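This report concerns only the one structure given below.
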Amino acid sequence: MKFTWHKNTNFQHLRLITQVYGVCFNKDGNILILKEPNKEWNLPGGTPKSNETPVQTLKRELEEEVDVTINKNQMIGYFKVLSDKSTIYQIRFACIIKLIKAQGLDPTNGALNERKFVGPDEFFDFVKIEDYRPMIDESIKWFKRYKSNLEICKK
């Protein structure tokens with residue numbers, strides 16, 4: 005399989021969207037990661053249900069896996085995944101967390117996922133997926149623009 009990152013804010017032209025994941029920031033700029041039982045640290049997200057938009061998938065998966073809601077999100081790009089079988093697309097969003105709830109069981113795996121906030125500089129100490137580097141860089145840029153716009157609005 006070959007993963008290729010594409011910076012983009014529009015998913016309308018993509019077919020076979022198989023994953024929607026979020027780089028979720030708290031107000032301090034730390035990134036939320038999760039660890040499902042017997043798996044490695046990763047970003048929250050998952051597979052779209054039929055007739056579900058990517059944003060609906062993102063919000064549902066964040067509620068199910070890490071018990072958070074978001075108040076701001078932006079598609080930052082996608083991975084085009086080439087394999088012997090087909091070409092699929094995995095959409096990535098950057099988002100701001102609105103509410104962190106008490107953690108419950110993930111309905112998909114029936115377990116309590118571990119969740120943690122990490123600084124952008126320590127993200128790859130936990131999430132060992134080098135292909136994520138351009139996505140994380142773009143997410144950090146988005147978060148900095150978002151924070152800067154908030155500061156301007158407060159003046």
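Quick note on numbering: the sequence shown equals residues 5 to 159 in the working numbering.
Glycine included, every Cβ here is placed at the ideal spot set by N, Cα and C.
Quantities reported herein were computed from a predicted structural model and do not represent experimental measurements.
Name, in chain order, the residues that DSSP records as bridge partners for residue i.
i, result
"residue 122", "35"
Looking at the structure shown, is residue i part of a helix, part of a strand, or coil, going by DSSP?
i, result
"residue 23", "strand"
"residue 73", "strand"
"residue 159", "Reliability of the predicted coordinates at residue 159 is poor, the pLDDT of 48 falling under 50, and no value is obtained from them."
"residue 162", "Given a span of 5 to 159 for the chain in the structure shown, any question on residue 162 remains unanswerable."
"residue 144", "helix"
"residue 94", "strand"
"residue 29", "strand"
Enumerate in chain order the residues of its own chain whose CB-to-CB distance from residue i is below 8 Å, with the five nearest sequence positions on each side excluded.
i, result
"residue 131", "37, 44, 45, 46 and 47"
"residue 10", "81, 82, 83 and 84"
"residue 113", "40 and 41"
Under the rule that 16 or more other beta-carbon atoms within 10 Å means buried, what is residue i, buried or exposed?
i, result
"residue 65", "buried"
"residue 111", "exposed"
"residue 54", "exposed"
Going by C-alpha distance, which of the options is nearest residue i?
i, options, result
"residue 35", "142, 127, 139 and 68", "127"
"residue 6", "68, 17, 94 and 107", "94"
"residue 89", "14, 144 and 20", "20"
"residue 13", "143, 153, 108 and 148", "143"
In chain order, what residues of the same chain lie with their CB nearer than 6 Å to the CB of residue i, ignoring the 5 residues before and after it?
i, result
"residue 97", "26, 62, 77 and 79"
"residue 39", "45 and 118"
Starting from the C-beta of residue i, find all residues in its chain whose C-beta is less than 7 Å away, skip the five residues before and the five after it, and write them out in chain order.
i, result
"residue 51", "22 and 23"
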